[in-house]
Amino acid sequence: MEQNNVLTTDIEQYSVKKTNKVLKALIYVGLVLWLIIDLFPLYYLLTFSLKSSAEITGTNVIGLPKEWLWSNYTRVFNLGKKVDGVRHFFANGGLEKCFSNSVLIAVATIVICLVAALMATYAITRIVWKGSKTLNSIFMLGITIPMHVALYPIYASFSKMGILRSYSSLIIPYAAFSLSMAIMVCTGFMNDIPKELDESACIDGCGLWGTFFYIIVPLMKPALATMGIYIFLQCWNEFMFASVFGDEAHYTLPVFVSNLKGSNITDWGLVGAGLVLATFPMLLVYVFMSRRIQESFMVGAVKG
Amino acid sequence: MHNKNKYLTVFLFLLPALALFIGVLVYPIIASIHHSMYEYRTFTDPGEFVGFKNYIDLFNSQYDFGHAIINALILAALSVFIQLPLSLGLALMLGKGIKGERFYLSVYFMPVLISAVVIGMLWEKIYNPIYGLLVKSFEAMNMSSVLPPEGLLGNPKTALMAVFLPTIWQYVGYHMLLMYAGVKGVSPELREAAMLDGATSGQVDRYVVIPCIKPIIKVSIIFAITGSLKSYDLIKVFAKDAYNCSYKVPSLLLVRYAFNNAGGIASAIAVLMIIMCFGFAILVNWMFKERNPYGAK
């Protein structure tokens, strides 16, 4: 083992020397170049959200703001609200409302989807019955079905049921369209739990429900965390259903952002501030949880 | 008796998932197929049975769906042949044990978390034909005549490219992450063996690493194609501004007709979208099966 390591480092040193310096330099140039391409639009957004229209449109396009206009941000918070007796015209209930709508919808979706997926996965992978494999493949087909397909029929049936323009009109489709992915990921994790645990629980007199609640669910926590993050981000950024099914009281953040366009098309500072407020909280969370978030995106693709 | 009990338990465990799956996935597919054979001018009134007329009508000039499919296919082709090689290149470079690779990785992945609506609004500002970042930087280089005066988004010839650029910007990081995970998963012994045999770094990538991560490349290709076929958010943001035919994509038309008294047409589009998504997924799977030399093992 020791020797092996020595050998490895030797080879690497040798190969680094051999893969000439030019190649190494080119790699760094390439990586840094994409880094700049990646970050520059965000830098541009951040700076123009703090500038006046005059600076953005002519005198100072790329540089840091000469005068830091924080008022752009306060104006975003005033959108859709009554300030000094005047209601700022805006087609939704304001930033905080949309933010809390987004959080509520995402959390409810996660809970519903994960409960359904866990129970289904348990029935498919742990209980022996005819047709479990077939059912699993049918669930897996759901990954490929585009969400758009449900738009028209679900709109029609929701309006018949009278739950259009409510939180559940968004939560139900979101949960359903994350379900297949959740079952797939849960199956992967659940197969890693040794079957002996179930058997010993059974011998100790635990029924199927007991095994599920006391043995399986506690051991599935990592899967739930991973899947929860993934579903959260899907809901957080979803736009089509949110804009079609929602109304003023139920709009989510992406709809808030798209509504910024309507009446404020020329007011770049305001739009910029709105975009920053809608985006940077998520990026801040990402800074602290980057590894977990990346994992949650990988697990779906790699396990499949 | 015992057996009966077991099936009841299985059913109860499956109930929530089945309710969601059948209610929101299976039912809409069946309903779409059914609706696509009727007029459906309003949500409640099916109107006349028209058979496959909606599917034929889709391709005439009124609905212009052929154009939308071509646009979606162009986007898909650009994704597969430009975006994925770029992602693969970045993943291979990062996989070489570069200093600070976690940092690069995390920054590259960041745009994936941003809502496509935000990205659309931001890039719209960048593309603005008078004040935008793009035109200003071209002016600084004295090359502003290269850009169309009505802006990249306003010009029918460049509009699709203008839609594609932000897409690359956003999703290169995603595919890079998947491929990077694959590259890191290639066992070091394989690389060492190849290097001992005198392979250069490029040859190791070409003949060892890429064949090893084929399954991930396949998944990336499927995601890139189905993602392009479904693309909606970004184009919706752009199209609000200047609607012209160069933006037409299937999902945009679907939403448009669904709420403009043409439910039958919208349903036909939905059915075709499912067929295309499944078709491409099967096609890509098949292509990778045929060319995999270890497949027979």
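So the protein sequences, as listed, match chains A and B.
Under this note's numbering, the first residue of the first sequence carries the number 1, and numbering increases by one thereafter.
Under this note's numbering, the first residue of the second sequence carries the number 1, and numbering increases by one thereafter.
Think of the CB as a built atom: it goes at the ideal place given N, C-alpha and C, for glycine as much as any other residue.
Just so we're clear, the structure is a prediction, and the values are computed from it rather than from any experiment.
- In the three-state scheme derived from DSSP, where H, G and I count as helix and E and B as strand, Phe239/A is classed as coil.
- Interface residue (Cβ-Cβ distance to chain B less than 9 angstroms): His250/A is not classified as such.
- Here Glu248/A is near Gly93/A, since their CB atoms are less than 9 angstroms apart.
- Judged by their CB atoms, Ala54/A and Cys113/A are not nearer to each other than the 9 angstroms cut-off.
- In the DSSP assignment, Thr158/B falls outside any alpha helix (DSSP H), carrying neither H nor E.
- A straight-line Cα-Cα distance of about 7 angstroms links Leu105/B and Leu177/B.
- Its chain contains Ile265, Ala266 as the residues whose beta carbon lies nearer than 6 angstroms to that of Tyr257/B, once the 5 sequence neighbours on both sides are disregarded; these appear in chain order.
- Following the DSSP letters along the chain, one finds Ile222/B inside the alpha helix (DSSP H) bounded by residues 214–230.
- When Cβ pairs closer than 8 angstroms are counted between the two stretches, the stretch 199–206 of chain B is seen not to touch the stretch 115–133 of chain A, the count staying below three.
- Below the 9 angstroms Cβ cutoff, chain B contributes no neighbours of Gly188/A, its closest Cβ being approximately 14 angstroms away.
- Chain-ordered, the chain B residues with CB closer than 7 angstroms to the CB of Thr57/A read Tyr131.
- Just so you know, the alpha carbons of Pro153/A and Ile275/B end up roughly 17 angstroms apart.
- In this structure, the straight-line span from the alpha carbon of Val255/A to that of Ala162/B is close to 22 angstroms.
- In this structure the stretch 268–278 of chain A touches the stretch 29–47 of chain A; the number of beta carbon pairs closer than 8 angstroms is three or more.
- The stretch 233–240 of chain A makes no contact with the stretch 30–37 of chain A, as fewer than three CB pairs between them are under 8 angstroms.
- By the Cβ neighbour-count rule, Gln170/B is buried, with 16 or more other Cβ atoms within 10 Å of its own.
- Across the set Phe223/B, Val249/B, Ile222/B, Val172/B, the C-alpha of Val249/B shows the shortest separation from the C-alpha of Ile235/B.
- The C-alpha of Gly151/B lies about 9 angstroms from the C-alpha of Ala159/B.
- Less than 9 angstroms separates the beta-carbon of Phe288/B from that of Lys218/B.
- Within chain B, the C-beta atoms nearer than 9 angstroms to that of Asp38/A come from Val107, Tyr108, Met110, Pro111, Trp169, Val172, Gly173, in chain order.
- By the neighbour-count criterion, in which a residue is buried when 16 or more other Cβ atoms sit within 10 angstroms of its Cβ, Met179/B is buried.
- In the assembly as shown, Arg126/A is a buried residue. Its beta-carbon has 16 or more other beta-carbons within 10 Å.
- Here Tyr38/B carries a strand assignment [DSSP, helix/strand/coil].
- Going by DSSP, Ser166/A is part of no alpha helix (DSSP H) at all; its letter is neither H nor E.
- Selection Phe49/B, Leu134/B, Ser251/B, Met141/B evaluated against Val271/B yields Ser251/B as nearest (Cα-Cα).
- Nearest in C-alpha terms to Phe99/A, of all of Thr279/A, Lys130/A, Val299/A, Leu219/A, is Thr279/A.
- For the stretch 259–290 of chain B, the set of positions with a beta-carbon nearer than 7 angstroms to some beta-carbon of chain A reads Gly263, Ala266, Ser267, Ala270, Met273, Ile274, Cys277, Phe278, Ala281 in chain order.
- Straight-line measurement puts the Cα of Leu50/A at about 7 angstroms from the Cα of Asn72/A.
- When C-alpha distances from Ile282/B are compared across Ile222/B, Val255/B, Ala262/B, the shortest belongs to Ile222/B.
- Boundaries of the alpha helix (DSSP H) harbouring Lys97/A: 95–125, taken from the DSSP string.
- In terms of Cβ geometry, Trp123/B and Pro166/B form a close pair [threshold 9 angstroms].
- Here the stretch 171–185 of chain A makes contact with the stretch 128–148 of chain A; the two share three or more CB pairs at distances below 8 angstroms.
- Contact of Leu84/B with chain A is not assigned, every C-beta pair being separated by 9 angstroms or more.
- The beta carbon of Gly47/B sits no closer than 9 angstroms to any beta carbon of chain A.
- Against chain B, the CB of Met227/A has no partner CB under 9 angstroms away; the residue lies outside that interface.
- Chain B places a beta carbon closer than 9 angstroms to that of Ile27/A, counting this residue as a contact.
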